[in-house]
Structure formats: structure tokens, C-alpha cells
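**Student:**
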Amino acid sequence: MVFTDRTFVMIKPDGVQRGLVGDIVARFEHRGLKIAAMKMLLVSEDLAKKHYEEHAAKPFFPNLVSFIRSGPVVAMVVEGKDVVPMVRSMVGATNPKNSNPGTIRGDFAVDMGRNVIHASDSPESAKREISLYFNTSEIATYKRIDEQWLY
Ligand code: RTP
Ligand code: MG
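Here you go:
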């Protein structure tokens, strides 16, 4: 099955440094979502500012940009039915104080500025963010072997 529903997910530097990449990717795979692209990278200042441009005027913006550049991140394109809201619900509330147990932030994070993961908040954001981080040639098309049991 080919989906047009795509989201952009990024494991932030704290998630990489704490060795959480495998656990987080496994959650998406086990749910039945498809990893269509994935890479580790250091985010440039220009890319960090573009990624978080909606927050450019906020007081926390400089810290957010420097944090996201403080070590390698793992960027992903994830596909599946209703994937944008589904991944946001798996990620949990922005402030880990309010993130439910069972969510990624609710299980792995305690501080708003160290909340482990980013996920797009709408299909429009997803499209924009995917194009910031990936060329179309880097996004794979393949069938999960269990697809007929997922849909
Ligand atoms: P993200 O974009 O990273 O997935 O997080 P989000 O949608 O849940 O939250 P958003 O409002 O987009 O905020 C982006 C990141 O900025 C930091 N933040 N700090 N008041 C503050 O100090 C504050 N507010 C937001 C968080 O690290 C948040 O993930
Ligand atoms: Mg956001």
C-alpha cells in the first residue's frame, strides 16, 4: 500500500547521547508505521533556524537552536495511515511534566528543553520539514512484509 501520509521525526541530541535511538525507532516499527528515510546528521545553524522558524520571535529560540545543534540528531520520514496525529500522540506533550506515561516524552524525559524528540504538528509542517532535511531520492518506497495484516 502506498501512503501519502508522511511525517517528519527527529531524535534530538539528548536522545542520541542517551542511547535511545533504537528504543524510539522500535516504537514506530512495532506500531506498524513505515520508516521511509532515516539519517544521522549535525544540524547547521541555517537549517536549525529554518526548522524552528515559527518560534523565531520567542525568548527560548536561541537556546532551542543551540540545543538542536549540540550533537548529532537522527532525522526520519515516517509513513502510515493518519501518521501525523498518531506520531504526535506517541511523542506526548511538549513539557514532559504533562506527558503521559507510555508516550516517548512521558517515558524518557523530565525537562521541556531536553524532550528527546521532535515530530511535525500538521501535514503542512511535515511537508515543509521533510523537504528541509531530505531530497526525494533519499526517501524509499517499499512494502512492509506485514502490510496486509496492518491494513
Ligand atoms: P517540537 O517542535 O520540538 O516537536 O516540540 P513541540 O511541537 O511539542 O513544541 P513547540 O511548541 O513546537 O516547541 C518547540 C520546542 O521548543 C522548546 N520550548 N521551550 N517556554 C519554553 O521554554 C519552551 N517552549 C517550547 C521545547 O523543547 C519544544 O520541544
Ligand atoms: Mg513543534
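In the working numbering, the protein residues as written are 18 to 168.
Each residue gets a CB set at the ideal place from its N, CA and C atoms; glycine is no exception.
1) Determine whether the beta carbon atoms of I121 and I134 lie at a separation below 7 Å.
2) Whose C-beta lies closer than 7 Å to the C-beta of G88 among residues of the same chain, with five residues either side of it excluded?
3) For V82 versus K66, is the C-beta distance shorter than 7 Å?
4) Should I41 and I28 be called a contact, given that it needs their Cβ atoms to be closer than 7 Å?
5) Could you tell me the alpha carbon to alpha carbon distance between A157 and F45, rounded to whole angstroms?
6) On the criterion of 16 or more Cβ atoms from any shown chain inside 10 Å, does L50 qualify as buried, or is it exposed?
7) Going by alpha carbons, who is nearest to Y159 out of T24, Y150, P140 and V95?
8) Measuring CB to CB, does V108 end up less than 7 Å from V60?
**Tutor:** Walking through what the data contain:
1) Yes, Cβ-Cβ distance for I121 and I134 is below 7 Å.
2) P30, V33 and Q34
3) For V82 and K66, yes; Cβs fall inside 7 Å.
4) yes
5) 16 Å
6) Answer is buried; the Cβ neighbour count reaches 16.
7) V95
8) No, they are not a contact pair.
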